[in-house]
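First comes the structure, then the notes that go with it.
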Amino acid sequence: MNTQHIKIDDPQAQEGELLQAASILRAGGLVVFPTETVYGLGGDATRDEAAKKIYAAKGRPSDNPLIIHVANPADAERYAVTNELYYRLAKAFMPGPLTVILPRRDTIPLSTTGGLDSVAVRCPSHPVAHRLIALCGFPIAAPSANLSGKPSPTCAAHVAQDMDGRVDMIIDGGESEIGLESTIVKIDGDGLILLRPGGITCDALSMVCANVRVADAVLHRLAENERPLSPGMKYRHYAPTAPLVLLTGKDEDVLAFLQAEQNRTRCAILCYDEECGALKHENLLPVGGRNDLQTQARRLFHALRDADTTDAEIIYAHLPPMNGLGLALYNRMIRAAAHTVREV
Ligand code: AMP
Ligand code: MG
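Below, the structure written as structure tokens:
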């Protein structure tokens, strides 16, 4: 397949290009588009064939459901059974990086939801994503635009590495602002179950709903026979090719360990900006200031892909804290590292 590459800096001025993208989607084709979280691999969420094409392009197991993207929170009505808590969440966090799992209506085929009776709904804030969905008039099903198992793409160059030749169009809309996928919650009575941490933190959710429970699989490895609440939890994900090891311990001990490892092995290091001066320049990938979790989130997937372009046989990174945005970083990194944590 010949993939068309376009760049959209100003969605208002470039409505013609967006109309072209919408017509590809309307014809059942695939378009990769930018969102504030990561790039999405989009198809018409109401069409069975489009969902099947998405799974094929990603090499994704077809029981791992897709998130549907709507232009406005109330558009969810046609595709899902909403409730009062959904609208409270929408008022606080939409458009933005929050996905809510709701009971599915028949307008969304089972192939989109991986056979589930529920559907994941998100309303992105990125102006290109928003305008594209509005022009389509139907929801866009879009998982992250990476090959299954690879780190999610946060820029068009990374999308092209995985998706060139597999989709009809790639829209370059610059670097993703958040850099990690959306927070996913399931409404459970009058409470919420956090299925995937992301840009909307637990603390922020707690301001809207007093009862927020973190699903076990967010923090721990699932047992062999355990059934996850969210199918995606069971798959290895976000992983670079070289093994990733997460380090924990006192700052000075971790730094001394990294210095010794640089002399001993070919390693790549996702370091804090403050550590750059104390480490050899080679294969050093600064992810942001020690306490700047936002920058670390924005740069994580980019750094993991960059690590793969080095000759490193092992990748080291710091184990993130588990509070605030740290929980989202922790969840992605622990899975990218297949739970390999080393205390130094
Ligand atoms: P991605 O599209 O790559 O961001 O991944 C979407 C994630 O949302 C997957 O890991 C799914 O497990 C989760 N998800 C989507 N729909 C549902 C649903 N109906 N119930 C539970 N989890 C879902
Ligand atoms: Mg993904």
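Residues 22 to 365 (the working numbering) make up the sequence shown, in order.
All C-beta atoms, glycine included, are put in the ideal place defined by N, C-alpha and C.
Being a predicted model, the structure only gives us computed values, none of them experimental.
Suppose you measure from the CA of residue i to the CA of residue j; what does that come to, to the nearest Å?
| i | j | result |
| --- | --- | --- |
| Gly63 | Ala289 | 33 Å |
| Ile27 | Asp193 | 6 Å |
| Thr286 | His302 | 14 Å |
| Asp212 | Ala113 | The question names Asp, yet the displayed sequence has Gly at residue 212. Each residue's alpha carbon lies about 16 Å from the other. |
| Ile221 | Leu346 | 8 Å |
| Asp370 | Leu265 | Residue 370 falls outside the range modelled here, since the chain spans only 22 to 365, and no answer is possible. |
| Pro116 | Asn284 | 48 Å |
| Ala78 | Val53 | 11 Å |
| Ala101 | Leu276 | 50 Å |
| Pro342 | Gln317 | 12 Å |
| Ala42 | Val365 | 50 Å |
| Arg353 | Lys271 | 22 Å |
Please list, in chain order, all residues of the same chain as residue i whose beta carbon is under 6 Å from its beta carbon, the five residues on each side excluded.
| i | result |
| --- | --- |
| Asp327 | Leu306 |
| His147 | Pro55, Thr56, Glu57 |
| Leu291 | Leu306, Val308, Ala324, Ala338 |
| Tyr293 | Arg311 |
Report, in whole angstroms, the separation of the C-beta atoms of residue i and residue j, which I expect to be a contact under 8 Å.
| i | j | result |
| --- | --- | --- |
| Pro130 | Asp69 | 4 Å |
| Tyr351 | Leu268 | Rounded, the Cβ-Cβ distance is 13 Å, inconsistent with contact. |
| Met22 | Asp209 | Their Cβ separation, rounded to whole angstroms, is 41 Å, which puts Met22 and Asp209 out of contact at 8 Å. |
| Arg356 | His258 | 5 Å |
| Pro164 | Arg81 | 7 Å |
| Phe322 | Ser173 | 5 Å |
| Val180 | Tyr60 | 5 Å |
Should residue i go down as buried or exposed, given a rule of 16 or more other Cβ atoms within 10 Å for buried?
| i | result |
| --- | --- |
| Cys297 | exposed |
| Gln33 | exposed |
| His360 | exposed |
| Asn104 | exposed |
| Arg99 | exposed |
| Asn344 | exposed |
| His241 | exposed |
| Val362 | exposed |
Who are the Cβ neighbours of residue i in its own chain at under 8 Å, not counting the five residues just before and after it?
| i | result |
| --- | --- |
| Ala162 | Gly63, Gly64, Asp65, Ala66, Ala71, Ala72, Ile75, Leu87, Ile88, Ile89, His90, Thr133 |
| Leu40 | Leu156 |
| Ser227 | Val233 |
| Asp183 | Ala166, Asn167, Leu168, Lys171, Pro174 |
Any Cβ of chain D within less than 8 Å of the Cβ of residue i?
| i | result |
| --- | --- |
| Val365 | In summary, chain D is missing from the structure at hand, where a single protein chain is found. |
Going by beta carbon distance, what residues of the same chain come within less than 7 Å of residue i, once the five residues before and after it are set aside?
| i | result |
| --- | --- |
| Leu46 | Val52, Gly63, Gly64, Asp65, Cys157, Ile161 |
| Thr331 | Ala289, Asn304 |
| Ile191 | Thr24, His26, Val53, Ala177, Val180, Ala181, Met184 |
**OP:** Within the region 39-88, note down every full beta strand (DSSP E) run reaching 3 residues or more, in order along the chain.
**Re:** Listed in chain order, they are 52-54, 61-65.
**OP:** Any chance you could list the beta strand (DSSP E) runs of at least 3 consecutive residues sitting entirely within the region 188-246, in chain order?
**Re:** DSSP runs (the beta strand (DSSP E)) wholly in the region 188-246: 190-193, 204-209, 212-217, 233-235.
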